[in-house]
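Below: one structure, written as structure tokens.
In our numbering, the protein residues as written are 25 to 106.
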């Protein structure tokens with residue numbers, strides 16, 4: 025099976041300063057894939073920028089933004105690569 029962590033906080037270290045509550049991830053799968061979950065009419069570009077930033081700050085390569093407010097779920101899944 026998959027190891028799924030929900031609503032986890034990851035620290036950010038910037039210029040030698042650690043911010044303990046730096047990132048909040050909806051889901052982290054097998055410590056490899058970030059998944060952000062939404063249920064909105066329109067996906068805000070800020071959320072897309074957020075997942076890209078999360079990938080860069082964690083050195084992870086793969087992330088998904090999933091919007092459940094769509095008639096076909098395949099239309100609500102967007103993949104991001106770092």
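Ideal Cβ positions, reconstructed from N, Cα and C, are used throughout, including at glycine.
For residue 32, the first and last residue of its enclosing beta strand (DSSP E): 28-38
Run of the beta strand (DSSP E) containing residue 75, from where it starts to where it stops: From DSSP, residue 75 is part of no beta strand (DSSP E) but of the alpha helix (DSSP H) over 69-82.
Sequence-distant residues of its chain with Cβ nearer than 8 Å to residue 92 (five each side left out): 61, 62, 63 and 100
Terminal residues of the beta strand (DSSP E) in which residue 62 lies: 57-62
Would you mind giving the Cβ-Cβ distance between residue 58 and residue 79, rounded to the nearest angstrom? I have them listed as a contact below 8 Å. 6 Å
Any idea what DSSP makes of residue 25, helix, strand or coil? coil
Could you tell me the distance, in whole angstroms, from the CA atom of residue 86 to the CA atom of residue 74? 13 Å
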